[in-house]
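First the structure, in the form of structure tokens, and then the observations on it.
Numbering (mature numbering (1 follows the signal peptide of the UniProt record, and there is no 0)), first residue to last: -21 to -1, 1 to 357.
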């Protein structure tokens, strides 16, 4: 046996090991990781991270090949033009599953999905995302227009018919403001001027609150990321406002009540905290152990979404064909183990929307009263 043969034999185990190495699939994320919405962006990111860590420990196989995942995260500072730049950068690296957690960014890059060939995982409740009928969009949260009627009816009955507006001025916030204004008027109420501010950059909300309260509202519409929303509510209470709040679904009670006195939230309606949903205790304990913070639907729905995508890859037999993966989302959701669903999951609709239970709540003396409402839109 010559020296060359000996070298070849010595290298064989290394080559074999390399051939048997896991296939690594990159998952993209473009969201706000700095600036005023950074906490929100990191909450969505953490749900994906947690799902990937669990999937990698367990391992999945696609057409017999073991697959592991890697999350590639880019900061877009909540700016849609930067979302588009990030998406182009990721698709140039053959990343074909990309999570985006804000409406402005989602609507900007949605037309790029078929051209750049990627599945857009949309974490926003903006109805326009579904109205686009995009074949490569997977939307995770309930549409916010399901909240309008019950939020309005509950607060108008409890507090009165005058509504003040102090929502965030992001694209998503403006749509919410327009929608709640139309619904409030539809139910016979009056609406004051739009005193919205940019929750991502504003530090002092007292001026906007003062302007809104000068109109003597019975109810205030507020909302954006949880942390600045809490500051708006704090400013309103400290200026003597005794009425109710309609809280946009982006803001979460379980985060706000760690920042301001719980009594300030009395008389609010919003999305039921994740910890109040049945069957979420395992997810919550695992998440808190890893991230040392309270999980919201930002973490829960993105965790669930990543698990649905991994299962869809198994069923489709591909990690690189977004159309085939998209076609298997409904089957994947229906076959997902209960310990991975977080919320009650019925499937994925034909237009790519998660069909899951949603519950709203009103707050009184720190307690949540569940207000179950039928879905008007899916």
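Even glycine gets a Cβ: it sits at the ideal position worked out from N, Cα and C.
Nothing here was measured: the structure is a model prediction, and the numbers come from that model.
Counting C-beta atoms within 10 angstroms of its own C-beta, residue 341 has 16 or more neighbours from the protein chains shown and is therefore classed as buried.
Taking a 10 Å sphere around the C-beta of residue 228, we find 16 or more other C-beta atoms and assign the residue as buried. For residue 81, DSSP records no beta bridge to any residue.
Membership of residue 102 in any beta strand (DSSP E) is not indicated, and neither H nor E is assigned to it by DSSP.
With contacts defined by Cβ atoms closer than 9 Å, residue 339 and residue 249 form a contacting pair.
Relative to the Cα of residue 78, the nearest Cα in the group 178, 90, 100 belongs to 100. In this structure residue 212 is buried. Its beta-carbon is surrounded by 16 or more other beta-carbon atoms within 10 angstroms. Each residue's CA atom was taken as its position, placing residue 299 and residue 183 some 46 Å apart. The beta carbon of residue 297 lies closer than 8 Å to those of 41, 42, 303, 304 in the same chain, with the five residues before and after it left out.
The alpha-carbon of residue 87 is positioned some 22 Å away from that of residue 202. Non-local beta-carbon contacts of residue 7 in its own chain, meaning distances under 6 Å to residues more than five positions away in sequence, involve 51, 69, 74, 77 in chain order. For a cut-off of 8 Å, the C-beta gap from residue 141 to residue 190 is around 14 Å, too long to register as a contact. Membership of residue 142 in the beta strand (DSSP E) is indicated by the continuous run 141 to 146. One alpha carbon belongs to residue 44, the other to residue 35, and they sit about 13 Å apart.
Contact check between the region 265 to 280 and the region 232 to 243: three or more CB pairs, one atom from each, fall below 8 Å, which counts as touching. Cβ-Cβ distances below 8 Å link residue 31 to 6, 48, 49, 50, 285 in the same chain, with the five nearest sequence neighbours on each side left out; the list follows chain order.
A contact is defined here as three or more CB-CB pairs under 8 Å, and the region 128 to 139 fails this definition with respect to the region 305 to 319.
In the three-state DSSP reduction, residue 56 falls in the coil class, being neither helix nor strand. DSSP places residue 239 outside both helix and strand once states are collapsed to three, so it counts as coil.
From the listed residues 26, 332, 294, 246, the smallest Cα separation to residue 281 is found for 26. For residue 8, the beta-bridge partners assigned by DSSP are 52, 78. Counting only runs that start and end inside the region 283 to 352, the beta strand (DSSP E) elements of at least 3 residues fall at 324 to 327, 333 to 335, 339 to 343, 346 to 350. A contact between stretches requires three or more CB pairs, one per stretch, nearer than 8 Å, and the region 162 to 181 meets this requirement with the region 8 to 16.
Contact check for residue 163 against residue 135 passes: the beta carbons are separated by less than 9 Å.
Residue pairing for residue 2: DSSP places it in a beta bridge opposite 46. In this model, residue 139 and residue 217 are separated by some 21 Å (Cα to Cα). For a cut-off of 8 Å, the C-beta gap from residue 117 to residue 326 is around 12 Å, too long to register as a contact. Between residue 62 and residue 85, the gap from beta carbon to beta carbon is short of 9 Å.
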